[in-house]
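K.L.:
Sequences listed follow chains A and B, in order. Just so we're aligned: 155 in this note's numbering is position 174 of the first sequence, and the numbers increase by one with no gaps anywhere. Just so we're aligned: 150 in this note's numbering is position 169 of the second sequence, and the numbers increase by one with no gaps anywhere. Don't be surprised by glycine CBs; every beta carbon is placed ideally from N, CA and C. These figures come from a predicted structure and were not determined experimentally.
There are 2 protein chains.
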Amino acid sequence: MHEPLTLGFVDELRPIPEATVARLPLYLRSLLELATDRTSTISSERLAAMAGVNAAKVRKDLSYLGSYGTRGVGYDVEHLLFEMSRELGLTRDWSVVIAGAGNLGQALAGYGGFGERGFPVVALLDTDPAKVGQTLADVPVCHLDELPSLVEAHHVTIGIIATPATAAQEVADRMVEAGVGSILNFAPAVVNVPDEISLRKVDLAVELQILSFYQQQRTGSLLPDGDALPAS
Amino acid sequence: MHEPLTLGFVDELRPIPEATVARLPLYLRSLLELATDRTSTISSERLAAMAGVNAAKVRKDLSYLGSYGTRGVGYDVEHLLFEMSRELGLTRDWSVVIAGAGNLGQALAGYGGFGERGFPVVALLDTDPAKVGQTLADVPVCHLDELPSLVEAHHVTIGIIATPATAAQEVADRMVEAGVGSILNFAPAVVNVPDEISLRKVDLAVELQILSFYQQQRTGSLLPDGDALPAS
DNA sequence: ATGTGTGAATCGGTTCACAGCC
DNA sequence: GGCTGTGAACCGATTCACACAT
């Protein structure tokens, strides 16, 4: 029984838990707010309140980045902001393409939040000849076949899938083939990618169905006929 | 303040783990696919492959719903579909309002996926007088002040927040006040709601930042100067 | 006195492995 | 023989609680 020697690739030798990684952007957002407020120092307690988590979690999470706090005082906002941005890889831009120039794809392209936060959208991709060549939300619509050259020209690292479910796997395959290293999938379909590619998914209908479950639990037994709450 | 030890409300006496609830919609999707294929029976192994999880997880998850499988055979697709729909509360429609008639709100309203799956969007809400009164993507745009009457008239149970971050908490408060029981928040802000309200969040920028982290880990050490592959 | 950093305890969820039923 | 259902083992993540630094 031998360890598969630090599996994967080299990696720096700090194993930041996945759950922590998922929260770092929350802290980052809070820190940015504090920075514009000219707040110079923040305690785990207050940062926790801002990020919507508890203080113990904040301290443990931040400790994975290093010992950037000062006992009895708190964390220096600027310094923490810097270290966290570095850790998250936000000291540079990461170019993005969005596959699927439909409703959702266009909205995502037009959603200011991306470019501003260091994720410039370099193209929308579609196969519909009526769409290719247009510029929607300031983003050129290219044919999906252009993917490899776009990736090369703009050093695209992230692909967003906003196509119908049926096209999702095909598009993902082509993204991986073209050299995209990370994929965010909005299509309601399971997509498979090689282990070395990062994949996250957001399924809007699934989110509603989860809410439906809990709603059902609360109202279900009381209201067989699906009417609203009786005024308490 | 009458909190019985079994926290919350009565509930049926099976405690379906949160992680399981979040996967049920995935199974549901797979089962719907199977049903249209006229497949009558499915093993945990095959269902797992379709849903992108492993077989042990499928069996444990499904066992929370009841013993609906047949040893040596598998699960009856139709029956499982029925039970799962019931459990998820999908035997009835749940009306939805979307706050924020901007880019994202409009896209969500136009996203066919919702209405089709039992979540009719009854209104977009905004405070911009230029938008109120229009019909976008077949959905009427109403003033946010209309929220209480809309909730009452259409038995709205789910609110989607697609406003700027600054408006999110205010909108959430008004939704809760109006009687909405579940909220899906797309705004990049932490919103607080009472314990009895279900809240889920989807933050697009956060998703990209998480991908950025892992991308960084892989390429980071190799490319001190922040440029991409030394092609060209 | 205050608030971080972190081992230790705990919890929820996943995986294993096999008994039980078809 | 094949596949489900489920205790038991395991693993990652959360929470606790306190020593330690300022």
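#1: Thinking just about the alpha-carbon of each residue, which of A:Val103, A:Pro(-2) and A:Asn173 is nearest to the one in A:Leu43?
#2: What's the call for A:Ala0, buried or exposed, on a 16-neighbour Cβ count within 10 Å?
#3: I need the boundaries of the beta strand (DSSP E) containing B:Val122, first residue and last residue.
#4: For the segment 85 to 155 of chain A, list the beta strand (DSSP E) runs that are entirely contained and at least 3 residues long, ordered along the chain.
#5: Short of 8 Å Cβ to Cβ, which residues in the segment 21 to 53 of chain A face chain B?
#6: Express the C-alpha separation of A:Val174 and A:Asp154 in angstroms, rounding to a whole number.
#7: Who are the neighbours of B:Ile191 on chain A, taking C-beta pairs under 7 Å?
#8: Grab me the residues of B:Ala32's own chain with a C-beta within less than 6 Å of its C-beta, minus the 5 sequence neighbours each way, in chain order.
#9: Could you check where the beta strand (DSSP E) with B:Ser176 kicks off and where it finishes?
#10: How would you label B:Ser193, buried or exposed, when you count the other beta carbons within 10 angstroms and need 16 or more for buried?
#11: Does B:Val34 come out as helix, strand or coil in the three-state DSSP assignment?
#12: Grouping DSSP H, G and I as helix and E and B as strand, with all else coil, what is B:Asp74?
#13: Which chain B residues sit within Cβ distance under 7 Å of A:Arg10?
#14: Measure the alpha-carbon distance for A:Gly91 versus A:Ala82 and round it to whole angstroms.
#15: Beta carbons nearer than 7 Å to chain B: which residues of the segment 142 to 162 of chain A have them?
#16: Would you check whether the ligand HEM has a heavy atom nearer than 8 Å to the C-beta of A:Leu131?
#17: Look at the alpha carbon of B:Leu46 and the alpha carbon of B:Met65, and state the distance between them as a whole number of angstroms.
#18: If you measure beta-carbon to beta-carbon, which residues of the segment 73 to 84 of chain A are closer than 8 Å to chain B?
#19: State yes or no: is the C-beta of A:Ala104 within less than 9 Å of the C-beta of A:Val78?
#20: Buried or exposed: where does B:Gln196 fall if 16 or more other Cβ atoms within 10 Å of its Cβ makes it buried?
#21: Between the Cα of A:Gln198 and those of B:Val132, B:Ser130, B:Arg67 and B:Ala159, spot the shortest distance and give me the residue it belongs to.
#22: From what residue to what residue does the alpha helix (DSSP H) around A:Tyr195 run?
#23: Does DSSP put A:Leu22 in a helix, a strand or coil?
#24: Distance check for A:Gly162 and A:Val132, CA to CA, integer angstroms please.
#25: I think B:Phe100 touches B:Ile139, with their Cβ atoms under 8 Å apart; what is that distance to the nearest whole Å?
#26: With DSSP collapsed to three states, give me the class of A:Arg40.
#27: Under DSSP, the beta strand (DSSP E) around B:Tyr56 begins and ends at which residues?
#28: Say whether chain B places a C-beta atom closer than 9 Å to the C-beta of A:Gly99.
#29: Which residues bound the beta strand (DSSP E) around A:Ser163?
#30: Taking the alpha carbon of B:Glu59 as the point to measure from, which residue in B:Ser76, B:Thr17 and B:Ser179 has its own alpha carbon closest?
#31: Please state whether DSSP places A:Arg4 in a helix, a strand or coil.
#32: Mind pulling the chain A residues with CB within less than 9 Å of B:Phe95?
#33: Look at the Cβ atom of A:Ala3, then the Cβ atom of B:Val34, and state whether they are nearer than 9 Å.
#34: With a threshold of 16 other CB atoms inside 10 Å of the CB of A:Lys112, please say whether the residue is buried or exposed.
#35: Any beta carbon from chain A within less than 9 Å of B:Glu64's own beta carbon?
P.N.:
Judging by the given coordinates:
#1: Against the first sequence, residue 43 of chain A aligns to sequence position 62. Considering only alpha carbons, the answer is A:Pro(-2).
#2: By one-based count along the first sequence, residue 0 of chain A stands at place 19. Its Cβ having fewer than 16 others within 10 Å, A:Ala0 is exposed.
#3: Translated into the one-based positions of the second sequence, residue 122 of chain B becomes position 141. Per DSSP, the unbroken beta strand (DSSP E) holding B:Val122 starts and ends at Val120 to His124.
#4: Listed in chain order, the beta strand (DSSP E) elements of length 3 or more contained wholly in the segment 85 to 155 of chain A are 102 to 107, 120 to 124 and 137 to 142.
#5: Considering only beta carbons, the part of the segment 21 to 53 of chain A lying closer than 8 Å to chain B consists of Met31, Ala32 and Gly33, in chain order.
#6: Locating residue 154 of chain A in the first sequence gives position 173, where the first residue counts as 1. Locating residue 174 of chain A in the first sequence gives position 193, where the first residue counts as 1. Rounded to whole angstroms, A:Asp154 to A:Val174 spans 7 Å at the Cα level.
#7: Locating residue 191 of chain B in the second sequence gives position 210, counting from the first residue. What B:Ile191 touches in chain A: Val2, Ala3, Pro6 and Arg181.
#8: Locating residue 32 of chain B in the second sequence gives position 51, where the first residue counts as 1. Counting only Cβ-Cβ distances below 6 Å, and skipping sequence neighbours, we find Leu7, Tyr8 and Ser11.
#9: Position 195 of the second sequence holds residue 176 of chain B. Per the sequence shown, residue 176 of chain B should be read as Asp rather than Ser. Here B:Asp176 belongs to no beta strand (DSSP E), and DSSP marks it neither H nor E.
#10: Mapped onto the second sequence, residue 193 of chain B falls at position 212. The residue in question, B:Ser193, is buried, as its Cβ has 16 or more Cβ neighbours within 10 Å.
#11: Translated into positions along the second sequence, residue 34 of chain B becomes position 53. B:Val34 falls in the coil class under three-state DSSP.
#12: Position 93 of the second sequence, counted from the start, is the residue given in the question as residue 74 of chain B. Correct three-state label for B:Asp74: coil.
#13: As a working note, residue 10 of chain A is residue 29 in the first sequence. Within 7 Å Cβ-Cβ: Pro169.
#14: Working through the first sequence from its first residue, we reach residue 91 of chain A at position 110. Working through the first sequence from its first residue, we reach residue 82 of chain A at position 101. Straight-line Cα distance between these residues: approximately 11 Å.
#15: Within the segment 142 to 162 of chain A, the residues whose Cβ lies closer than 7 Å to some Cβ of chain B are Gly162, listed in chain order.
#16: Absent from the structure shown: the ligand HEM. Ligands present: none.
#17: Within the second sequence, numbered from 1, the residue matching residue 46 of chain B stands at position 65. Within the second sequence, numbered from 1, the residue matching residue 65 of chain B stands at position 84. Each residue's alpha carbon lies about 8 Å from the other.
#18: For chain B, the residues of the segment 73 to 84 of chain A that bring a beta carbon within less than 8 Å of one of its beta carbons are Arg73, Trp75, Val77 and Asn84, in chain order.
#19: Within the first sequence, the letter at position 123 stands for residue 104 of chain A. Within the first sequence, the letter at position 97 stands for residue 78 of chain A. Yes. Within cutoff.
#20: Counting from one through the second sequence, the residue named residue 196 of chain B turns up at place 215. Classification for B:Gln196: buried.
#21: Here residue 198 of chain A corresponds to residue number 217 of the first sequence, with the count starting at 1. Out of B:Val132, B:Ser130, B:Arg67 and B:Ala159, B:Arg67 has the C-alpha closest to the C-alpha of A:Gln198.
#22: Along the first sequence, one-based indexing puts residue 195 of chain A at 214. Where A:Tyr195 is concerned, the enclosing alpha helix (DSSP H) starts and stops at Leu185 to Thr200.
#23: By 1-based counting over the first sequence, the position of residue 22 of chain A is 41. Here the sequence assigns Thr to residue 22 of chain A, which means Leu is not the residue at that position. Look at A:Thr22 here: in three-state DSSP terms it is strand.
#24: Locating residue 132 of chain A in the first sequence gives position 151, counting from the first residue. Locating residue 162 of chain A in the first sequence gives position 181, counting from the first residue. For A:Val132 and A:Gly162, the gap between their C-alpha atoms comes out near 11 Å.
#25: Taking the second sequence and counting its residues from 1, one reaches residue 100 of chain B at position 119. Taking the second sequence and counting its residues from 1, one reaches residue 139 of chain B at position 158. Correct: roughly 7 Å between the Cβ atoms.
#26: Walking along the first sequence from the start, residue 40 of chain A turns up at place 59. It is helical.
#27: As a first step, residue 56 of chain B must be located in the second sequence, where it is residue number 75. Residues Gly55 to Asp57.
#28: Reading the first sequence from its first residue, position 118 is the one you call residue 99 of chain A. At least one beta carbon of chain B lies nearer than 9 Å to the beta carbon of A:Gly99.
#29: Locating residue 163 of chain A in the first sequence gives position 182, counting from the first residue. Note, A:Ser163: beta strand (DSSP E), Ser163 to Asn166.
#30: Walking along the second sequence from the start, residue 59 of chain B turns up at place 78. Taking only the C-alpha atoms, the option nearest B:Glu59 is B:Thr17.
#31: Counted from its first residue, the first sequence places residue 4 of chain A at position 23. A:Arg4 carries a helical assignment under DSSP once its states are collapsed to helix, strand and coil.
#32: Position 114 of the second sequence, counted from the start, is the residue given in the question as residue 95 of chain B. Leu185, Ala186 and Leu189, listed in chain order.
#33: Numbered from 1 along the first sequence, position 22 holds the residue referred to as residue 3 of chain A. Numbered from 1 along the second sequence, position 53 holds the residue referred to as residue 34 of chain B. One thing to note: A:Ala3 has its Cβ no nearer than 9 Å to the Cβ of B:Val34.
#34: Locating residue 112 of chain A in the first sequence gives position 131, counting from the first residue. Around the beta carbon of A:Lys112, a 10 Å sphere encloses 16 or more other beta carbons of the protein chains shown; the residue is thus reported as buried.
#35: The sequence position of residue 64 of chain B within the second sequence is 83, counting from 1. Chain A contact via Cβ: absent.
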